[in-house]
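Student: Residue numbers (UniProt numbering): 1 to 365. Here it is: the structure, laid out below.
And the structure:
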């Protein structure tokens, strides 16, 4: 027997209405799986950053230093359950972004004790809302080696006047800008400032930063970063906006996708006894059966298509004959020698067809 447990989390994502409220209650989704081979009692705990508190999650209580602990659940091997933590975000919490927390689970049973943890990001919408400025930022995803494709930030000027623009990028511990591009300098260990020059009215400027992460930061992901953007017009007040963005890391099992080796008579599948070729022969018979069935289905399909085509050809010929007969029948119903005039009773013979021996221009009756 062995003990094992795994936890996965969502994010605390705030809506645009956050900027109009004194506080906002959001939901943090947590999923726990017993990956061990024996029953275990699972306990859950989580840590919230400054500005966030529990909003009354059932079965959870404060444990000091922004720590919260929840009750124990008994789980069977392979069992999975989910819970929702109610989190209250203060209306001034955005001033401290980037913000992130973590969730930890511990499984205890006859097989021993196991634990796991995962972080979560607190994601704020762009704001506080201000006229004349827009901003957006992409998500950062690291591979197992801590490398990424970089981080893209856009700052837009929707005002009527040109303005000088710059952005400050704030990163969590363990995530750094490797080589700042032109116009960017490290203002602090976790802060990089980029001068964007003059941002014309109605235009958007962007900058991409190369970033890397330490192994510890990768283990703590998901994390969050923040961007602060400013526009300074020649006349008028400065315009400012900020937002947060998500930082994730790919787990080794997500990237290490290796195709299974091909089996051969000399290399039996894992778990087969020496000299045991029954499984291989069975698979060969199954493959031959599938090929045979496929061939029969193809022959049947061709036969059905041929029969259907023949029926269509036969139907078209029969339809033409019936049409001709119907036409002749109508003509045959007319009396020989013509039809009478409606009012006089005088009979007129129908004009007979012209013959080759008739003179042209004659009215032959």
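C-beta atoms are modelled at their ideal positions from N, C-alpha and C, and glycine is treated no differently.
Do three or more CB pairs link the segment 203 to 218 to the segment 227 to 237 at distances below 8 Å?
Tutor: The answer is no - the segment 227 to 237 does not touch the segment 203 to 218, with fewer than three Cβ pairs under 8 Å.
Student: Pick from 28, 127 and 132: whose alpha carbon is nearest that of residue 161?
Tutor: It is 132.
Student: Just confirm the distance between the C-beta atoms of residue 9 and residue 118, as a whole number of angstroms; I'd bet it's less than 8 Å.
Tutor: Between residue 118 and residue 9 the Cβ distance is about 5 Å, and since that is below 8 Å, they are a contact.
Student: May I have a chain-ordered list of the beta strand (DSSP E) segments no shorter than 3 residues that lie completely inside the segment 173 to 204?
Tutor: Segments of the beta strand (DSSP E) lying fully in the segment 173 to 204: 175 to 177, 184 to 188 and 191 to 199.
Student: Looking at residue 205 and residue 155, is the spacing between their C-beta atoms short of 9 Å?
Tutor: A contact, by the Cβ cut-off of 9 Å.
Student: Rounded to whole angstroms, how far is the Cβ of residue 51 from the Cβ of residue 89, which I believe are closer than 8 Å?
Tutor: Their Cβ separation, rounded to whole angstroms, is 7 Å, which keeps residue 51 and residue 89 in contact under 8 Å.
Student: DSSP state of residue 31, grouped into three classes?
Tutor: Of the three classes helix, strand and coil, the one that applies to residue 31 here is strand, per DSSP.
Student: Just tell me which of 19, 66, 126 and 122 has its CA closest to the CA of residue 29.
Tutor: Ranking 19, 66, 126 and 122 by Cα distance to residue 29 puts 122 first.
Student: Determine contact between the segment 19 to 27 and the segment 83 to 103, defined as no fewer than three beta-carbon pairs at a distance below 8 Å.
Tutor: Judged by Cβ distances under 8 Å, the segment 19 to 27 makes contact with the segment 83 to 103, as three or more pairs qualify.
Student: Between the Cα of residue 17 and those of 138, 250 and 128, spot the shortest distance and give me the residue it belongs to.
Tutor: The shortest C-alpha separation from residue 17 is found at 128.
Student: So, for residue 199: in the same chain, excluding its five sequence neighbours on each side, which residues have a beta-carbon less than 8 Å away from its beta-carbon?
Tutor: Cβ within range, chain order: 155, 156, 157, 162, 163, 164, 165, 205 and 231.
Student: Using 9 Å as the threshold, is the C-beta distance between residue 120 and residue 225 below it?
Tutor: It is not a contact, given that the beta carbons lie outside the stated cut-off.
Student: Would residue 300 be called buried (16 or more neighbouring beta carbons within 10 Å of its own) or exposed?
Tutor: Answer is exposed; the Cβ neighbour count stays below 16.
Student: Looking only at C-alpha atoms, which of 130, 144 and 37 sits nearest to residue 369?
Tutor: Within the shown structure, residues of the chain are numbered from 1 to 365, placing residue 369 beyond reach of any answer.
Student: Scan the segment 61 to 129 and note each continuous beta strand (DSSP E) run of 3 residues or more that stays entirely inside, going in chain order.
Tutor: Runs found: 67 to 75, 80 to 90, 99 to 109 and 112 to 123.
Student: Ordered along the chain, which non-local residues of its own chain (more than five positions away) have a Cβ less than 6 Å from that of residue 6?
Tutor: Correct list, in chain order: 33, 35 and 116.
Student: To which residues of the same chain is residue 367 closer than 6 Å at the C-beta, ignoring the five residues directly before and after it?
Tutor: Residue numbering for the chain in the displayed model covers 1 to 365; residue 367 lies beyond these limits and cannot be assessed.
Student: Which partner residues does residue 241 have in the DSSP bridge list?
Tutor: Beta-bridge pairing links residue 241 to 229.
Student: Using C-beta distances below 6 Å, list every residue in its chain close to residue 41, excluding the 5 sequence neighbours before and after it, in chain order.
Tutor: Excluding positions up to five away in sequence, the list reads 72, 74 and 108.
Student: Go ahead and pull the three-state DSSP assignment for residue 161.
Tutor: Of the three classes helix, strand and coil, the one that applies to residue 161 here is coil, per DSSP.
Student: Thinking just about the alpha-carbon of each residue, which of 3, 55, 249 and 4 is nearest to the one in residue 143?
Tutor: Closest by alpha carbon: 249.
Student: Give the straight-line distance between the Cα atoms of residue 191 and residue 169, rounded to the nearest whole angstrom.
Tutor: Using only the alpha carbons, I get a separation of about 6 Å.
Student: Let me make sure I understand the geometry here. Which of 221, 174, 167 and 80 has the alpha-carbon closest to that of residue 208?
Tutor: The shortest Cα separation from residue 208 among 221, 174, 167 and 80 belongs to 167.
Student: So what's residue 303 in DSSP terms, helix, strand or just coil?
Tutor: Reduced to three states, the DSSP call for residue 303 is helix.
Student: Taking residue 84 as the reference, which of 212, 20 and 55 has the closest Cα?
Tutor: Answer by Cα proximity: 55.
Student: Ends of the beta strand (DSSP E) at residue 52?
Tutor: Counting along the chain, the beta strand (DSSP E) containing residue 52 begins and ends at 52 to 54.
Student: Whole angstroms is fine: what's the gap from residue 171's alpha carbon to residue 211's?
Tutor: Looking at the two C-alpha atoms, the distance is approximately 10 Å.
Student: Where do the ends of the alpha helix (DSSP H) carrying residue 220 lie?
Tutor: Where residue 220 is concerned, the enclosing alpha helix (DSSP H) stretches over 215 to 220.
Student: Measuring straight from C-alpha to C-alpha, what distance separates residue 294 and residue 307?
Tutor: Those two C-alpha atoms are separated by around 20 Å.
Student: What does the Cβ neighbour count give for residue 288, buried or exposed, with the cut at 16 atoms within 10 Å?
Tutor: It is exposed - the Cβ of residue 288 has fewer than 16 other Cβ atoms within 10 Å.
Student: What is the DSSP secondary structure of residue 149, reduced to helix, strand or coil?
Tutor: In the structure shown, residue 149 sits in coil (DSSP, three-state: anything other than H, G, I, E or B).
Student: Pull up the distance between the alpha-carbon of residue 291 and that of residue 303, whole angstroms please.
Tutor: Using only the alpha carbons, I get a separation of about 19 Å.
Student: Specify the secondary structure class of residue 132 as computed by DSSP and reduced to three states.
Tutor: Residue 132: coil per DSSP, three-state reduction.
Student: Pick helix, strand or coil for residue 294, following the three-state DSSP scheme.
Tutor: DSSP places residue 294 in helix when its eight states are reduced to three.
Student: Which one of 247, 153, 311 and 296 has the shortest CA to CA distance from residue 99?
Tutor: The shortest Cα separation from residue 99 among 247, 153, 311 and 296 belongs to 247.
Student: Do residue 229 and residue 135 come within 9 Å of each other at the CB atom, strictly closer than that value?
Tutor: Yes, they are a contact pair.
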